[in-house]
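Under this note's numbering, think of the first position of the sequence shown as 54, with each following residue one higher. Note that the Cβ used here is the ideal one computed from N, Cα and C, for glycine as well. Step one of this worksheet: look at the structure below.
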Amino acid sequence: AAEAQDFLKANPMKFPLLLKASFGGGGRGQAVVLKPEDLAETFAKCSKEAEMSFGRGEVFIESFLAKARHIEVQVMGDGKQC
């Protein structure tokens, strides 16, 4: 949690924030932080869930967009042509 707090001091972001497991998906290891004083506790919980679910506790921070729409694109290739 201290590393996340240091990151935000060096790279200020507006709250709310979204913490997401770096090596996960499906909503596991993910949490919204509404205010700065909740960061340490929420980060610890999110990181622990990520570690239990995916074997890695790394978490990244991004801005939380409450009314965003999710669009996902997957690209596959054979590595031979672009």
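Host beta strand (DSSP E) of residue i (start-end)
i	result
Gln83	83-86
Leu72	70-74
Cut-off 8 Å between Cβ atoms - residues of its own chain near residue i, not counting five sequence neighbours on either side
i	result
Phe107	Ala74, Phe76, Gly77, Arg81, Gly82
Coarse secondary structure for residue i, derived from DSSP in three states
i	result
Glu111	coil
Terminal residues of the alpha helix (DSSP H) in which residue i lies
i	result
Leu61	55-63
Residues near residue i by beta carbon distance below 6 Å, same chain, minus five either side
i	result
Ala84	Leu72, Thr95, Cys99
Leu70	Val86, Ile114, Phe117
Cutoff 7 Å; reference residue i; Cβ partners in own chain excluding five residues on either side
i	result
Lys88	Phe68
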